[in-house]
Ligand SMILES: [Ca+2]
Ligand SMILES: [Ca+2]
Ligand SMILES: [Ca+2]
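Numbering (mature numbering (1 follows the signal peptide of the UniProt record, and there is no 0)), first residue to last: -30 to -1, 1 to 437.
This is how it looks when you write it as structure tokens:
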């Protein structure tokens, strides 16, 4: 019994010794065979989630035999997960791996990213492994990725000016005071707003770091037009966006007027309508590169005017010119689209714009497309709980409501049921106004679009208050 126990213990000790020698112990002399060694260098920076972070990963075969079946990988040891897409690894991720001749060294330009920013510093281990490596100790290296710590904040600030002298930079007297400045970045639930001071300056403090802040301006004085938005701005805690210069421009409407009229007040679907578009350069400088852009909201109801009708002012040509004081009359024609029949309305609405200009004029003219009818159902309600929307129990019963085109001449009348609901039966499609009769007065939007199926938007809604 005693002899047996001793033999078993000896066997175990021998096995353990062999394991250590084979995998990890440093050899007493240079062994023959492949021996990969890796280095990895992360590009320094103030990295944020979503950034493409470059890593130089170099694999060298220090051995005297070819290394076969070599593959590479990165493991996040701590902190947020660092993702390097498979395709970044090239031949280190092909099935079966790749080969390195003795002395051969190759560098892989990898890019990784973080999708989130949990707490902690990311430690990432880069490895290359192949068959029969004679020294496993140099096949992996651990690096720290310099991710901006969670909770870091930054500031943003700058100056808004109206470039009156047109030199493209702020000049004395061009500061724009009292404009609203809005910004929002990823990770914020709502935008923050400030106002430019007497010197046109604005600043935001304590913004969370984010790759893509958007900045925009409203309520500028004297009709100045701001850039549509500024950004994406990168706030990484370095204070790089604290001296922004934001240029506002004069609108084209200062020097260009536009009117549109139609040749008829009413059209049938498929008929051709002709619009007269009159443009006048009221300024002292020539205007060039102008074009018309129609139906900017994409309603699909307007006259379908072919590009060539616009001549130089075509939306693809951008070549319209107007001399100082020149008045130009354009006649453009197009067919009434079928969709217009369901809304009872067509027309033409166009803005005039051009490169180098902002704030061009917009004009429109409407015409009817009669024929189709639809029931116009809706609810009269009063906001008992003051939350700005109709709730159960807020419908007003037994109210007479009128429908008119002009707010005066009544075309139809209906009375609400117990829930405040009323229907005007089989009304010609188009735009109307609602009006309560008697003890109630309208306190919200009174317009209603009567649209035929399948384009109907749903019911109308008329908010009222007691007189
Ligand atoms: Ca090695
Ligand atoms: Ca200037
Ligand atoms: Ca309510």
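Where is the CB? At the ideal position from N, CA and C, for every residue including glycine.
Just so it is clear, the structure is predicted and the values come from calculations on it, not from any experiment.
If you check the beta carbons only, do residue i and residue j fall under 9 Å apart?
i	j	result
residue 10	residue 36	no
residue 280	residue 293	no
residue 223	residue 331	yes
residue 12	residue 116	yes
residue 215	residue 128	yes
residue 409	residue 387	no
residue 390	residue 358	no
residue 277	residue 286	yes
residue 236	residue 344	no
residue 48	residue 90	yes
residue 393	residue 380	no
residue 258	residue 291	yes
Note down the Cα distance separating residue i from residue j, rounded to an integer number of angstroms.
i	j	result
residue 125	residue 255	41 Å
residue 168	residue 186	19 Å
residue 46	residue 19	15 Å
residue 106	residue 212	50 Å
residue 315	residue 427	15 Å
residue 317	residue 197	30 Å
residue 377	residue 403	6 Å
residue 347	residue 363	18 Å
residue 96	residue 17	19 Å
residue 113	residue 50	14 Å
residue 305	residue 225	32 Å
residue 340	residue 311	7 Å
residue 249	residue 208	49 Å
residue -8	residue 24	For residue -8, the pLDDT reaches just 46, beneath the cut-off of 50, and the residue's location in the model is therefore unreliable, although a value from the coordinates is still provided. Rounded to whole angstroms, residue -8 to residue 24 spans 32 Å at the Cα level.
residue 322	residue 297	14 Å
residue 21	residue 84	7 Å
residue 38	residue 54	23 Å
residue 156	residue 163	16 Å
residue 177	residue 2	58 Å
residue 429	residue 307	25 Å
residue 438	residue 227	This structure gives no information on residue 438, because the portion of the chain shown stretches from -30 to 437.
residue 135	residue 154	31 Å
residue -6	residue 57	Reliability of the predicted coordinates at residue -6 is poor, the pLDDT of 48 falling under 50, and the value obtained from them is presented with this limitation in mind. Using only the alpha carbons, I get a separation of about 35 Å.
residue 369	residue 418	17 Å
residue 15	residue 120	15 Å
residue 385	residue 396	15 Å
residue 360	residue 350	9 Å
residue 26	residue 108	16 Å
Using only CA atoms, which one of the options lies nearest to residue i?
i	options	result
residue 414	426, 431 and 407	431
residue 246	67, 230 and 389	230
residue 180	140, 187 and 158	158
residue 131	297, 299, 171 and 208	171
residue 302	312, 311, 284 and 288	284
residue 28	114, 79 and 44	79
residue 32	328, 201, 7 and 23	7
residue 274	319, 435 and 166	319
residue 422	411, 436 and 399	399
residue 356	300, 434 and 335	434
residue 183	160, 191, 192 and 195	160
residue 401	154, 99 and 420	420
residue 451	416, 436 and 328	Outside the displayed range of the chain (-30 to 437) lies residue 451, so it cannot be described from this structure.
residue 144	191, 34 and 289	191
residue 233	110, 259, 252 and 300	300
residue 76	65, 60 and 66	60
residue 204	123, 360 and 425	123
residue 239	206, 220 and 313	313
Please check the pair residue i and residue j, which I expect to be a contact at CB under 8 Å, by giving their CB distance rounded to whole angstroms.
i	j	result
residue 374	residue 405	7 Å
residue 146	residue 218	6 Å
residue 41	residue 63	7 Å
residue 104	residue 5	5 Å
residue 94	residue 52	5 Å
Pick helix, strand or coil for residue i, following the three-state DSSP scheme.
i	result
residue 274	strand
residue 434	strand
residue 27	strand
residue 137	coil
residue 222	helix
residue 194	coil
residue 208	coil
residue 348	strand
residue 147	coil
residue 174	strand
residue 62	helix
residue 125	strand
residue 52	coil
residue 47	strand
residue 78	strand
residue 108	helix
residue 263	strand
Between residue i and ligand 4, is the CB less than 8 Å from at least one heavy atom?
i	result
residue 389	Only ligand 1, ligand 2 and ligand 3 can be found as ligands here, which leaves ligand 4 out of the picture.
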